[in-house]
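Sequential numbering of the sequence shown, starting at 172, is according to the working numbering.
So the structure is just underneath, and the comments pick up after that.
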Amino acid sequence: AAAAPVPHPYTIDFLKTAVMPRLMIDEGRFKGGVYLSSGDALGRQNVFVGLAAAPANGDRDLFAIYEYRGWRPTLFLEAYHQKRGSSRADSTEERGGYVTGVDYNLYRMAIGGRGRLGRYGELETSVAVDRYDAVVKSDAWQDDPNSSIGYVRVSQKPYGYTYLKGIDLSLAWRLEKLERRRDREINPRGRRLEVRYDRFLNYFVEGFNPSANFLDEEYLRLNYGQLAVDWQEHIGLPRSSALSLRGFGGWIDSDQVDDPERVRDFFDFRLGGIEYLRGYTFYSLEGRKAAMGSATLRFPLIEDWGARFLQLYLDKAYAAVYAEAGKAWDRRWDDPDPRYGRKAPVRDVGGQLRLDLISYYSVPTRVQADLAYGIDELADRSPWKAYLTVLFGYL
């Protein structure tokens, strides 16, 4: 007879690493990479890594997330890095050179914990460290008697500086009370609520010390608080439809900073884009205070698809129509928009298509397409905005 197995304490035993391609078009350039994920057999630990790079200009996106669920609360460690290149063609302030481009490098590392608070609530706290660097590429004018104009442009050695150093202390409470249904992700019913407070301890570059022999940054201290509340109500209707109502509000405590105007310029709430007012671009609505509301009617197109295409299993398809309104401002609600001078809250309407898919029989794949019309968009801009996302969840 075979010998009985000998029991022994459980040790870390990671499963095989899952690899998925990551393909995108970013600012008209192809960017390719991979997602990597792995975890131990009991689900106590999980690692998720993503990376992508654009061969055309060297832009890149990297992140790594580690979670440990063996204790209460769950502990996490996160690291992020982004590089973005910006083409330039302008003279320096003193007209002594010609800036040809700027590369921006952003770094963030965060550590924290999250745990259940009641049956439906979750409390999360974290500490994050930020560092934003810039590398300036430029040419200089050099006298050349052999040139027809008497001088030539000569490439200079790139120089870099740090324009933001900061710490973010955050505390967030989330409530999620949703009905358990097959269409819970694509068409939820119930309530989601998040209240988040951040205390920022930032140093933002104000200039450079002209007496230094090397590039010596001078910083403006910006310590301030930021509060944001996001409330969503999903009300069930007949025929598997639902009405979703959302309210969002944000406030920056600018009285606590040395120069409130600098907070407005760099650290504002941005109310445009896919996560807020979809009829307007990200930077077109900004302010130290923000408020918006939306109403979305979502209904099924195909509730039980059951089709297959290559590695995809097609499960459900839903459509939606929505209307939104909101405003970002600095001091008083009736103040004009700080960027474009608009006084009234801006409005938009739009339509949405969601596809609930499964890749390789195990990986959730959620496709969402939006077409929005900005009713109050500026006359010299197109009022139409289109979005397409392919993610593990819906925005």
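We treat Cβ as the ideally placed atom computed from N, Cα and C, and that holds for glycine.
* To do: Would you mind working out which of Q482, R513 and L340 sits nearest A499, comparing C-alpha positions?
  => Among Q482, R513 and L340, the Cα nearest to that of A499 belongs to R513.
* Quick one: what's got a C-beta closer than 7 Å to G272's C-beta in the same chain, skipping five residues either side? -> Only residues of its own chain outside the window of five on either side were considered, and among them G256, S257, S258, R259 and K308 have a CB closer than 7 Å to the CB of G272, listed in chain order.
* What's the gap between the Cα of A490 and the Cα of F470? -> Cα to Cα, the separation comes out at about 6 Å.
* To do: Would you mind working out which of R240, R243 and A235 sits nearest H252, comparing C-alpha positions?
  => Nearest neighbour of H252 by Cα position, chosen from R240, R243 and A235, turns out to be A235.
* To do: Please look up how many angstroms separate the CB atoms of S530 and L468, rounded, as I've assumed it's under 8 Å.
  => Contact flag wrong, Cβ pair sits at about 29 Å.
* What span of residues does the beta strand (DSSP E) with N394 cover, start to end? -> Run containing N394: E388 to L408, per the beta strand (DSSP E) assignment.
* Check whether the Cβ atoms of P359 and L346 lie closer than 7 Å to each other. => Cβ atoms of P359 and L346: not closer than 7 Å.
* Taking the beta strand (DSSP E) that S148 falls in, what are its first and last residues? -> The structure shown does not extend to residue 148, since the chain is modelled only from 172 to 566, so the question has no answer here.
* Tell me, please, which residues DSSP counts as bridged to T560. => DSSP lists Q539 as partners of T560.
* With 16 as the cutoff for other CB atoms within 10 Å, does G497 come out buried or exposed? -> Burial call: buried.
* To do: Starting from R231, follow the beta strand (DSSP E) in both directions and report where the run begins and ends.
  => Segment R231 to Y239, the beta strand (DSSP E) holding R231.
* Asked: Leaving out the 5 sequence neighbours to the left and right, which residues in its chain are closer than 7 Å to G337 when beta-carbon positions are compared?
  -> Only D301, F371, L372, N373 and Y374 meet the Cβ criterion.
* Asked: Quick one: complete beta strand (DSSP E) runs, 3+ long, within the segment 484-558?
  -> Counting only runs of 3 or more, we get 517-530 and 534-545.
* Quick one, which of I473, L288, A227 and Y447 has its alpha-carbon nearest R200's? -> Ranked by how close their Cα comes to the Cα of R200, the residues I473, L288, A227 and Y447 have A227 in first place.
* Host beta strand (DSSP E) of E365 (start-end) -> From DSSP, the beta strand (DSSP E) with E365 extends over G361 to F379.
* Asked: Skipping 5 residues on each side, what residues in its chain have a beta carbon closer than 6 Å to that of T188?
  -> So the qualifying residues of the chain are L207 and S209.
* To do: Going by CA-CA distance only, name the one from D436, Q327, V561 and L414 that's closest to E134.
  => Residue coverage of the chain in this structure runs from 172 to 566, which leaves residue 134 outside it and unanswerable.
* Does the ligand GTP have a heavy atom nearer than 6 Å to the CB of V534? -> As presented, the structure is devoid of all ligands, the ligand GTP included, so that no description of it is given.
* Kindly provide the ranges of any beta strand (DSSP E) runs that are 3 or more residues long and lie completely inside the segment 184-221, ordered along the chain. => Taking only runs of at least 3 residues, the beta strand (DSSP E) segments lying wholly in the segment 184-221 are 189-197 and 200-210.
* When we look at the beta-carbon of E295 and count the other beta-carbons within 10 Å, is it buried (16 or more) or exposed? -> Burial check for E295: the Cβ neighbour count within 10 Å reaches 16 or more, so the residue is buried.
* Report the three-state DSSP secondary structure of S309 (helix, strand or coil). => DSSP, read as helix, strand or coil, puts S309 in strand.
* **D457 to L472 span [Cα, whole Å]** => Asp is not the amino acid found at residue 457; the sequence shown has Glu there. Rounded to the nearest angstrom, the two C-alpha atoms are 36 Å apart.
* Starting from L472, follow the beta strand (DSSP E) in both directions and report where the run begins and ends. => K460 to I473 is the span of the beta strand (DSSP E), which, as asked, contains L472.
* Which residues mark the beginning and the end of the beta strand (DSSP E) in which I423 is found? -> From DSSP, the beta strand (DSSP E) with I423 extends over S412 to I423.
* Asked: What are the boundary residues of the beta strand (DSSP E) that A478 is part of?
  -> DSSP places A478 inside the beta strand (DSSP E), whose first and last residues are A478 to F480.
* Coarse secondary structure for Y454, derived from DSSP in three states -> DSSP places Y454 in the helix class (H, G or I) of the three-state scheme.
* Asked: Of the residues A461, G522, S533 and G444, which one's Cα is nearest the Cα of Q482?
  -> When C-alpha distances from Q482 are compared across A461, G522, S533 and G444, the shortest belongs to S533.
* Asked: Who does Q327 pair with in a DSSP beta bridge?
  -> Paired residues: none, contrary to the question.
* With a cut-off of 8 Å on the beta carbons, I'd call K487 and I357 a contact; round off their distance for me. => With a Cβ gap of about 6 Å, K487 and I357 count as contacting.
* Three-state secondary structure (DSSP) at F437? -> F437 sits in a helix when the DSSP states are folded into three classes.
* Asked: When DSSP labels each residue in this structure, what does A225 get in the three-state scheme?
  -> Correct three-state label for A225: coil.
* Do you know offhand how far G418's Cα is from G464's? -> G418 and G464: Cα-Cα distance of roughly 5 Å.
* Secondary structure at H179, three-state DSSP: helix, strand or coil? -> Three-state result, H179: coil.
* So, helix, strand or coil for I357, using DSSP? -> Shown here, I357 sits in coil according to DSSP, grouped into three states, outside any helix or strand.
* Report the rounded CA-to-CA distance for R287 versus Q327, giving the unit in angstroms. => A straight line joining the alpha-carbon of R287 with that of Q327 spans about 55 Å.
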